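Line by line, the protein sequences are chains A and B.
Following our numbering, the numbering of the first sequence begins with 38 at its first residue and continues without gaps.
Following our numbering, the numbering of the second sequence begins with 38 at its first residue and continues without gaps.
Just so it is clear, CB atoms sit at the ideal spot from N, CA and C, and this is done for glycine as well.
Predicted model only: the values in this text are computed from it and were never measured.
Beneath this line is the structure, given in structure tokens, with notes to follow.
2 protein chains.
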Amino acid sequence: MGKKRILTGDRPTGRMHIGHLKGTLENRVKLQDEYNSFIEIANIQALTDNYMNPQKVHDSVFELLCDYYAVGIDFDKSNVFIQSEVPEIHEIFVYLANFATIQQINHNPTIKTEMVQNNFGKSTPLGFFIYPIHQVADLVCVGADLVPVGKDQAPIVEDSRVIIRKFNKAYNTNILHEPEYLLGVPKNVPGIDGGAKMGKSLNNAIYLSDTEEELRKKVFKVYTDPNRIRATDPGTVEGNVAFTYLDLFAIDMDEVEGMKKRYREGNIKDVEVKERLFEIMNEYLYPIRKRREEAEGMKDELLKKALKSSKKVSEISRVTADKMKKVMKLDLA
Amino acid sequence: MGKKRILTGDRPTGRMHIGHLKGTLENRVKLQDEYNSFIEIANIQALTDNYMNPQKVHDSVFELLCDYYAVGIDFDKSNVFIQSEVPEIHEIFVYLANFATIQQINHNPTIKTEMVQNNFGKSTPLGFFIYPIHQVADLVCVGADLVPVGKDQAPIVEDSRVIIRKFNKAYNTNILHEPEYLLGVPKNVPGIDGGAKMGKSLNNAIYLSDTEEELRKKVFKVYTDPNRIRATDPGTVEGNVAFTYLDLFAIDMDEVEGMKKRYREGNIKDVEVKERLFEIMNEYLYPIRKRREEAEGMKDELLKKALKSSKKVSEISRVTADKMKKVMKLDLA
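Laid out in structure tokens, this is it:
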């Protein structure tokens with residue numbers, strides 16, 4: 038019995054920020070010893086809503102490689118692979134597509150939301166529409182046992198299981214593996230503007246690649262308590278991004294509790310909180326930033342490792358695709 | 038300047054009948070000298086509405102090989118290839134999918150009709166839904182210059198041109214070739230029951246593989262003039278399948294005109310018309326039947342040639358897919 042396989046991944050559409058760090062990256066680092074970890078840079082899927090901007094997707098592949106390295110993903114332990122280097126994914130997608138329905142995709146809440154976000158109106162690109170099923174092919178390609186997800190995403194794994202089960206049932210086989218979800222509690226990081234989500238397009242993100250100076254500027258802009266005019270006014274800690282970040286990044290939680298108390302009592306200035314927050318975050322992010330700078334000079338090496346892992350995934354996928362062809366009676370020779 | 042490339046093909050879902058013969062097969066034989074002909078056995082597409090019956094699709098691949106050989110398709114001139122042996126088709130499909138919309142597919146009249154025929158109701162398999170765009174990938178794979186079609190199908194080629202043009206425009210390139218249609222006048226062959234279309238599921242087809250005895254039985258069942266009770270009643274030739282078949286298969290058209298005149302005058306028995314029709318059709322189909330019997334013993338050889346052509350198409354497709362990847366900035370190494 039080898040280690041169980043897990044699959045995670047990202048669309049390369051920009052650099053990664055502290056939302057990614059707390060939401061998934063730190064978890065991946067934790068999991069990479071216990072599991073046989075596969076991390077996909079989904080550049081083909083990134084193109085589905087960025088097909089007019091291929092340069093961005095191209096460049097972001099390298100940004101992700103650096104971000105992964107920076108946070109401590111070990112390219113010799115984790116199989117970081119690039120979707121475009123595994124053409125079998127497309128083939129396996131087509132084989133699975135007979136077991137998904139367009140109605141099922143139409144009812145997918147993520148797709149519904151993203152359709153509105155992308156403003157597709159009356160012309161939804163097919164490439165975008167098929168991506169949830171294309172993702173099932175990703176799972177099949179690596180033969181994932183487990184998919185680390187937050188509660189919200191559990192239904193996506195459930196949909197994948199249904200499609201895989203239907204395929205197996207139709208051809209009276211068990212060659213495809215139904216992945217299970219590995220429920221984690223991804224930490225949600227609000228934007229510096231107080232928005233629920235941090236994102237590039239929202240212009241409210243703190244990037245892993247931000248310099249100390251950029252970090253300071255952003256920390257001093259974080260949304261605090263808008264009703265607090267003077268430092269002697271009692272302030273609210275809930276929904277106050279400075280304190281949310283303190284909760285996420287501070288080591289000494291007693292210190293944070295003390296600051297919260299003083300804030301509520303009107304006994305600490307906003308600027309004092311922010312100065313301390315900057316110090317704490319900078320200390321946390323400093324080693325990541327240093328490793329990221331190091332990674333910038335290692336792009337070729339990181340790419341080489343990712344291409345090697347891609348080849349490995351491609352080989353595993355070829356075996357699976359051939360097994361699928363066999364049960365579909367497509368083996369002729 | 039080499040010969041222009043044409044692409045035709047069939048879904049392997051059964052043996053071929055005289056509807057195929059007059060609709061497309063004879064035309065392909067005619068075109069195979071003048072053009073660089075590619076003939077696709079679309080077994081992956083056949084599975085989209087036969088995914089629960091893979092054995093039928095598998096066996097039909099061999100039926101088509103025999104039917105092609107029987108009608109005179111020269112496997113050394115025409116590139117008979119098998120879709121499942123060209124995985125690049127799926128990859129190219131995914132690259133094109135960003136330039137097609139689901140609304141466009143929903144408005145495709147063929148898809149609309151087939152959805153009803155297939156009785157999909159509220160669960161349309163994604164595999165079926167995507168096939169019109171998957172067909173565009175077929176065209177791109179062989180780099181088709183021309184697609185032989187009847188008038189009805191010209192819009193399908195036009196749709197393909199639009200998708201290909203959008204791809205080229207998005208990436209400021211001309212790597213993909215917009216195929217044009219080669220308008221033919223495919224002869225429509227009604228079913229023996231007088232139905233507009235001949236088809237396996239309609240149980241009204243005369244197969245190329247039918248024995249002389251089967252042919253005779255079917256010819257004697259053809260729909261004639263239902264209002265003609267006695268041989269002395271004046272009969273109607275229009276919509277009379279016996280005379281439609283005579284028009285399609287007779288060499289001596291004067292003889293046919295004479296028979297039509299006598300039929301209209303009530304001067305020839307139905308049975309006499311049918312007897313002569315049988316003779317004429319049997320003479321026409323005899324050499325095809327003989328070659329088909331010969332082909333049955335050559336299945337391995339025919340498959341080998343088809344696999345060789347498939348490899349060739351796969352290689353051409355790989356080059357195209359790599360060019361596409363390059364303009365999409367997916368080339369990383």
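Assuming residue i contacts residue j under a Cβ cut-off of 8 Å, what Cβ separation, rounded to an integer in Å, is found between them?
i                : j                : result
Ile78 (chain A)  : Phe130 (chain A) : The pair is not a contact, with the Cβ atoms about 17 Å apart (cut-off 8 Å).
Ile76 (chain A)  : Gln120 (chain A) : Going by Cβ atoms, the distance from Ile76 (chain A) to Gln120 (chain A) rounds to 11 Å, so no, they are not a contact pair.
Ala370 (chain A) : Leu344 (chain B) : 6 Å
Ser97 (chain B)  : Gly51 (chain B)  : 6 Å
Gly221 (chain B) : Gly187 (chain B) : 7 Å
Gly295 (chain A) : Tyr260 (chain A) : About 22 Å separates the two Cβ atoms, so there is no contact after all.
Leu183 (chain A) : Pro216 (chain A) : 6 Å
Ser346 (chain B) : Asn116 (chain B) : 4 Å
Leu133 (chain B) : Ala191 (chain B) : In fact, because the Cβ distance is near 20 Å, the residues do not count as touching under 8 Å.
His95 (chain A)  : Lys366 (chain B) : 4 Å
Phe286 (chain A) : Ile317 (chain A) : 5 Å
May I ask which residues mark the beginning and end of the alpha helix (DSSP H) holding residue i?
i                : result
Val123 (chain A) : Neither: Val123 (chain A) is in no alpha helix (DSSP H) and is coded neither H nor E.
Glu331 (chain A) : 307-333
Pro146 (chain B) : 146-155
Thr357 (chain B) : 336-364
Arg299 (chain B) : 290-302
Leu283 (chain A) : 278-286
Lys254 (chain B) : 249-256
Ile139 (chain A) : 139-143
Determine the extent of the beta strand (DSSP E) in which residue i is found, giving its start and end residues.
i                : result
Thr45 (chain A)  : 42-47
Asn73 (chain A)  : 73-78
Ile229 (chain A) : It is not in any beta strand (DSSP E) - Ile229 (chain A) carries neither H nor E in the DSSP assignment.
Leu220 (chain A) : 217-220
For residue i, would you say it is in contact with chain C, using Cβ-to-Cβ distances shorter than 9 Å as the test?
i                : result
Ala370 (chain B) : In summary, chain C is missing from the structure at hand, where the protein chains are A and B.
For residue i, is the beta carbon positioned less than 8 Å from some heavy atom of the ligand MN?
i                : result
Pro324 (chain B) : As presented, the structure is devoid of all ligands, the ligand MN included, so that no description of it is given.
Cβ contact (3+ pairs, closer than 8 Å) linking the stretch 251-260 of chain B and the stretch 201-220 of chain B: Between the stretch 251-260 of chain B and the stretch 201-220 of chain B, the count of C-beta pairs closer than 8 Å stays below three; the two stretches do not touch.
Complete beta strand (DSSP E) runs within the stretch 161-203 of chain B (minimum length 3 residues, chain order): Note on the stretch 161-203 of chain B: whole beta strand (DSSP E) runs with a minimum of 3 residues are 183-186, in chain order.
Stretch pair the stretch 193-201 of chain A + the stretch 224-236 of chain A: three plus CB contacts closer than 8 Å: Touching, no.
Contact list for the stretch 75-103 of chain B against chain A, Cβ threshold 8 Å: Here the close residues are Asn80, Ile81, Leu84, Thr85, Tyr88, Met89, Pro91, Gln92, Val94, His95, Val98.
The stretch 130-147 of chain B in contact with the stretch 152-170 of chain A per 3-pair CB rule at 8 Å: Touching, yes.
Complete beta strand (DSSP E) runs within the stretch 59-116 of chain B (minimum length 3 residues, chain order): As far as the stretch 59-116 of chain B is concerned, its whole beta strand (DSSP E) runs of at least 3 residues are 73-78.
Proximal residues, the stretch 207-220 of chain B versus chain A, C-beta separation under 8 Å: Residues Ala207, Tyr208.
Residues in the stretch 121-135 of chain A having any Cβ partner in chain B nearer than 9 Å: If the cut-off is 9 Å between Cβ atoms, the stretch 121-135 of chain A has Ser121, Glu122, Pro124, Glu125, Ile126, His127, Glu128, Ile129, Phe130, Val131, Tyr132, Leu133, Ala134, Asn135 near chain B.
Validate contact between the stretch 48-60 of chain A and the stretch 233-250 of chain A using beta carbons, cut 8 Å, 3 pairs: Contact between the stretch 48-60 of chain A and the stretch 233-250 of chain A is present, because at least three Cβ pairs lie under 8 Å.
The stretch 341-361 of chain B / the stretch 174-184 of chain B touching (three or more Cβ pairs under 8 Å): In this structure the stretch 341-361 of chain B touches the stretch 174-184 of chain B; the number of beta carbon pairs closer than 8 Å is three or more.
Contact the stretch 143-160 of chain A vs the stretch 38-45 of chain B: 3+ CB pairs below 8 Å: No, the stretch 143-160 of chain A is not in contact with the stretch 38-45 of chain B.
Cβ pair count under 8 Å reaching 3, the stretch 298-310 of chain A against the stretch 266-278 of chain A: Contact check between the stretch 298-310 of chain A and the stretch 266-278 of chain A: three or more CB pairs, one atom from each, fall below 8 Å, which counts as touching.
Chain A contacts from the stretch 155-176 of chain B (Cβ-Cβ distance under 9 Å): Residues of the stretch 155-176 of chain B whose Cβ lies closer than 9 Å to any Cβ of chain A, in chain order: Phe157, Lys159, Ser160, Thr161, Pro162, Leu163, Gly164, Phe165, Phe166, Ile167, Ile170, His171.
Against chain B: residues of the stretch 301-317 of chain A by CB proximity under 8 Å: Closer than 8 Å at the C-beta level to chain B, one finds no residue of the stretch 301-317 of chain A.
The stretch 151-161 of chain B touching the stretch 92-104 of chain B, judged by at least three CB pairs closer than 8 Å: Here the stretch 151-161 of chain B does not lie against the stretch 92-104 of chain B, with fewer than 3 beta-carbon pairs under 8 Å apart.
Cβ pair count under 8 Å reaching 3, the stretch 108-122 of chain A against the stretch 357-367 of chain A: Proximity of the stretch 108-122 of chain A to the stretch 357-367 of chain A falls short of the contact definition, fewer than three beta-carbon pairs being nearer than 8 Å.
Given 8 Å, three or more beta-carbon pairs between the stretch 256-268 of chain A and the stretch 321-338 of chain A: With a cut-off of 8 Å, the stretch 321-338 of chain A and the stretch 256-268 of chain A do not count as touching, because too few Cβ pairs lie within range.
Near-chain B residues of the stretch 108-122 of chain A - C-beta to any C-beta below 7 Å: Under the 7 Å Cβ criterion, the stretch 108-122 of chain A contributes Ile119, Ser121.
Contact set between the stretch 340-368 of chain A and chain B, restricted to residues whose Cβ is under 7 Å from the partner: Against chain B - using a Cβ distance shorter than 7 Å - the residues of the stretch 340-368 of chain A are Leu340, Leu344, Lys362, Met365, Lys366, Leu367.
Cβ-based contacts, 7 Å cut-off: residues of the stretch 258-272 of chain A near chain B: Within the stretch 258-272 of chain A, no residue has a Cβ lying closer than 7 Å to any Cβ of chain B.
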